[in-house]
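The structure under discussion appears below in the form of structure tokens.
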Amino acid sequence: MAEEKPLHRRRALRALLGYARPHRRKFLLGILCTFLAIAADLLQPVIVKTAIDDTIPLGESGIPILIGLGAAYALLAIVAFVFSYWQSNLLQRAGQAIVAQLRKDLFRHITNQSMSFFDRHPIGSLVTNESNDTETINQFFTQVLLSLVRDGFMLVMIIGFMFWLDAELALYAMILIPIIGAIALLFRRALRNAYHRSRAQLSRLIAFTAENLSGMSLIQAFHQEEEQYRRFTDTNRTYLKENLREVRATILFNRSFELLGNAAVAAAVWLGGYAVLHQKFEFGVLYAFITYIRQFFQPINQLTQQWNTLQSTMVSMERLWRIFSAEPEVRDPEPETAVALSPERVKGRIDFNQIRFSYLKGTEVLHDLDLHIRPGEFVGIVGVTGAGKSSLVSLLARFYDVDHGSVEIDGVDIRRIPQGTLHRIVGLVQQEPFLFSGTILDNVRLFREEIGRERVIEACRFVGADEMIARLPDGYETRLSERGSGLSAGERQLISFARIIVFQPKILILDEATANLDSHTERLVQQALDRAARGRTTLVIAHRLSTIRHADRIIVMRDGRIVEQGNHESLLAANGYYAELYRHSRSPHGLELTAVKGKED
31 MAEEKPLHRR RALRALLGYA RPHRRKFLLG ILCTFLAIAA DLLQPVIVKT
81 AIDDTIPLGE SGIPILIGLG AAYALLAIVA FVFSYWQSNL LQRAGQAIVA
131 QLRKDLFRHI TNQSMSFFDR HPIGSLVTNE SNDTETINQF FTQVLLSLVR
181 DGFMLVMIIG FMFWLDAELA LYAMILIPII GAIALLFRRA LRNAYHRSRA
231 QLSRLIAFTA ENLSGMSLIQ AFHQEEEQYR RFTDTNRTYL KENLREVRAT
281 ILFNRSFELL GNAAVAAAVW LGGYAVLHQK FEFGVLYAFI TYIRQFFQPI
331 NQLTQQWNTL QSTMVSMERL WRIFSAEPEV RDPEPETAVA LSPERVKGRI
381 DFNQIRFSYL KGTEVLHDLD LHIRPGEFVG IVGVTGAGKS SLVSLLARFY
431 DVDHGSVEID GVDIRRIPQG TLHRIVGLVQ QEPFLFSGTI LDNVRLFREE
481 IGRERVIEAC RFVGADEMIA RLPDGYETRL SERGSGLSAG ERQLISFARI
531 IVFQPKILIL DEATANLDSH TERLVQQALD RAARGRTTLV IAHRLSTIRH
581 ADRIIVMRDG RIVEQGNHES LLAANGYYAE LYRHSRSPHG LELTAVKGKE
631 D
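Sequential numbering from 31 applies to the sequence shown in the numbering used here.
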């Protein structure tokens with residue numbers, strides 16, 4: 031395990047540097063500007079030293095030389111400013127471009143993952159990856175990389191100038207280097223671990239916040255505000271503690287170098303002053319040497335501060351690499367095995383052939399299930415929570431792959447159908463329809479500009495959503511906030527039905543689409559469902575049995591198996607499990623079929 035981590039880190043670093051290759055010209059020009067700016071900076075003390083030791087002793091005759099030295103000093107300052115500006119500009123442009131591409135690739139990679147990936151990774155953690163971790167990578171290219179080049183080169187040049195001024199005094203200064211190295215090594219592991227713990231706790235805090243904001247209606251319905259506030263406070267307190275631990279380690283690390291720098295200046299004043307008094311060298315040399323000693327610790331301070339950023343970059347890089355290393359479990363078929371199934375020609379026959387399925391290895395939720403559905407058939411699926419209804423339709427949409435057996439459309443195993451084609455064939459309307467921030471028009475056509483406005487209006491009119499939209503302030507241009515807040519559950523559901531009509535899938539899945547609706551809204555949605563189902567093979571997971579009474583066939587599930595099937599009348603006549611569910615659903619004190627939706631359902 032210990033050997034895997036450095037290897038993992040090296041691969042992550044290689045992948046990260048791969049993003050820099052297209053911008054190598056900007057980096058090279060930035061490095062050249064850095065060298066020129068540093069050279070201009072470090073020549074300034076030499077000019078002052080020359081003025082003190084060689085020009086001022088000349089008296090009046092040295093004034094023209096002093097003016098020339100002053101002009102040279104000013105020119106060097108301007109040169110340093112210009113090249114520093116260009117260096118920052120070039121590296122910022124390169125760094126921002128790299129992070130923009132990294133974010134795009136990360137977003138595409140995440141959206142291409144299978145649903146099992148999202149079962150394992152909390153949404154808040156993925157938001158942290160997409161925002162905070164990529165911003166830390168930006169700091170690597172715009173700050174850390176610059177510091178490594180600029181401050182490393184500056185350090186070498188300062189040491190060269192110190193030896194040029196006085197080799198003996200420079201050798202004393204070199205004693206600092208092993209001390210600096212020892213401090214860096216001492217703090218290295220502590221800083222990395224502190225940052226790792228802090229980032230992990232921040233991800234938990236963001237995930238907790240995102241989860242609670244998404245479930246705010248439930249929290250308020252059960253009056254759990256204080257309990258969730260208490261849990262948030264505990265999570266926040268843990269993050270604060272880890273963050274303060276990281277801050278303390280960082281401050282101690284940086285202040286150690288400041289203390290060392292001040293001690294070095296004091297030693298230079300003492301040793302250099304003694305040398306000047308004994309006329310070993312002139313005062314100008316001492317001035318320049320003390321200036322270089324101070325400058326010596328500037329790049330070291332910068333490097334140590336950027337070392338902390340480097341530690342955070344390595345942690346962020348490893349976190350991103352773990353995401354990029356994740357391969358989707360549900361994958362498109364190889365080109366040679368793929369079947370070119372035209373969505374327009376699909377009839378809509380569905381076959382579940384002896385399927386077994388589990389979310390977690392060893393915990394099977396569907397057992398040797400066999401089901402065959404005719405083209406155009408309207409099929410209701412009922413059962414209590416945990417029966418396996420949603421798991422069954424998730425396999426048809428290929429959110430997951432079966433462990434055993436096969437799911438076929440028109441006799442073709444869906445694993446041989448490219449996912450882009452499959453999702454044009456199979457349409458899904460969920461219990462909680464998801465609406466994006468944007469206009470109603472864009473939500474119906476899912477931001478696809480090639481779908482015309484008239485087609486959207488026609489679809490909304492077809493499902494009965496047109497009148498509702500006409501009552502809104504801006505009609506189809508009405509902007510919705512996140513998740514369509516401001517619209518009722520029924521209105522959101524009507525928009526999702528219009529979306530189905532626009533995209534015209536041959537197979538329609540409704541996962542408890544009429545649950546949690548009042549009777550009036552349910553009638554509107556039921557009418558939209560009847561219209562949307564025309565000419566399509568339709569599978570409806572029913573919350574209320576009344577919505578599927580007229581289904582061609584009703585599938586009754588229990589514990590991951592089909593226990594009964596038939597139409598409403600024949601199942602009631604059989605007086606079996608369906609009849610029991612039906613009696614419960616009609617009883618004033620009966621149980622809801624799907625009161626709570628579990629993971630396995």
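Even for Gly, the Cβ is constructed at its ideal location relative to N, Cα and C.
Paired residues, beta bridge with residue i - DSSP
i, result
"residue 184", "In the DSSP output, where bridge partners are listed per residue, residue 184 has none listed."
"residue 402", "381"
"residue 469", "509"
"residue 437", "382"
"residue 443", "438"
"residue 587", "592"
"residue 388", "394"
"residue 568", "408 and 538"
"residue 459", "540"
Own chain, CB closer than 6 Å to residue i, minus 5 neighbours either side, in chain order
i, result
"residue 272", "227, 228 and 231"
"residue 402", "381"
"residue 342", "166 and 225"
"residue 187", "72"
"residue 619", "Per-residue confidence for residue 619 stands at a pLDDT of 48, beneath the threshold of 50, marking its modelled position as unreliable; no derived number is given."
Cβ separation of residue i and residue j, assumed to be a contact under 8 Å, to the nearest whole Å
i, j, result
"residue 300", "residue 41", "Wrong, their Cβ atoms sit about 50 Å apart, outside the cutoff."
"residue 459", "residue 540", "5 Å"
"residue 49", "residue 128", "5 Å"
"residue 423", "residue 243", "Between residue 243 and residue 423 the Cβ distance is about 28 Å, and since that is not below 8 Å, they are no contact."
"residue 275", "residue 224", "5 Å"
"residue 529", "residue 476", "7 Å"
"residue 294", "residue 327", "7 Å"
"residue 554", "residue 524", "7 Å"
"residue 118", "residue 237", "About 36 Å separates the two Cβ atoms, so there is no contact after all."
Closest residue to residue i among the options (Cα-Cα distance)
i, options, result
"residue 640", "584, 369 and 537", "Past the edges of the chain, shown from 31 to 631, lies residue 640, and the structure says nothing about it."
"residue 573", "100, 542 and 404", "542"
"residue 521", "262, 496 and 220", "496"
"residue 144", "429, 601, 62 and 394", "429"
"residue 284", "256, 131 and 336", "336"
"residue 433", "197, 111 and 392", "392"
"residue 374", "330, 440 and 382", "440"
"residue 220", "328, 436, 462 and 277", "277"
"residue 169", "340, 450 and 474", "340"
"residue 262", "472, 240 and 317", "240"
"residue 395", "383, 405, 192 and 417", "417"
"residue 318", "554, 109, 78 and 564", "78"
"residue 366", "445, 250 and 281", "445"
"residue 135", "354, 462 and 95", "354"
"residue 469", "507, 116, 435 and 478", "507"
"residue 436", "448, 450, 454 and 400", "400"
"residue 213", "164, 192 and 289", "289"
"residue 485", "564, 524, 561 and 532", "532"
"residue 210", "119, 330 and 100", "330"
"residue 112", "60, 575, 156 and 99", "60"
"residue 315", "332, 193, 421 and 206", "193"
"residue 362", "45, 611 and 142", "142"
"residue 518", "197, 614, 265 and 462", "462"
7 Å CB neighbourhood of residue i in its chain, flanking five on each side removed
i, result
"residue 419", "411, 413, 571, 587 and 631"
"residue 53", "124, 127 and 128"
"residue 405", "377, 378, 379 and 567"
"residue 456", "426, 427, 535, 537 and 539"
"residue 65", "183"
"residue 76", "318"
"residue 131", "49"
"residue 628", "Here residue 628 scores only 34 on pLDDT, less than 50, and its place in the model is too uncertain to base an answer on."
Own chain partners of residue i with C-beta closer than 8 Å, once the 5 adjacent residues on each side are dropped
i, result
"residue 597", "581, 582, 583 and 584"
"residue 579", "598"
"residue 269", "228, 231, 232, 234 and 235"
"residue 478", "none"
Neighbour flag for residue i against chain D, beta carbons, 9 Å
i, result
"residue 369", "Here there is only one protein chain, and chain D is not present."
*contact_flag[the segment 145 to 152, the segment 108 to 124] where n(CB pairs < 8 Å) is 3 or more*: no
*Stretch pair the segment 484 to 491 + the segment 400 to 413: three plus CB contacts closer than 8 Å*: no
*Below 8 Å, can you find three or more Cβ-Cβ pairs linking the segment 361 to 375 to the segment 342 to 351?*
no
_Measuring CB atoms only, is the segment 98 to 107 touching the segment 69 to 89, in the sense that at least three cross pairs come out at less than 8 Å?_
yes
*Flag this pair as touching only if the segment 163 to 177 and the segment 253 to 260 have three or more C-beta atom pairs under 8 Å; answer yes or no.*
no
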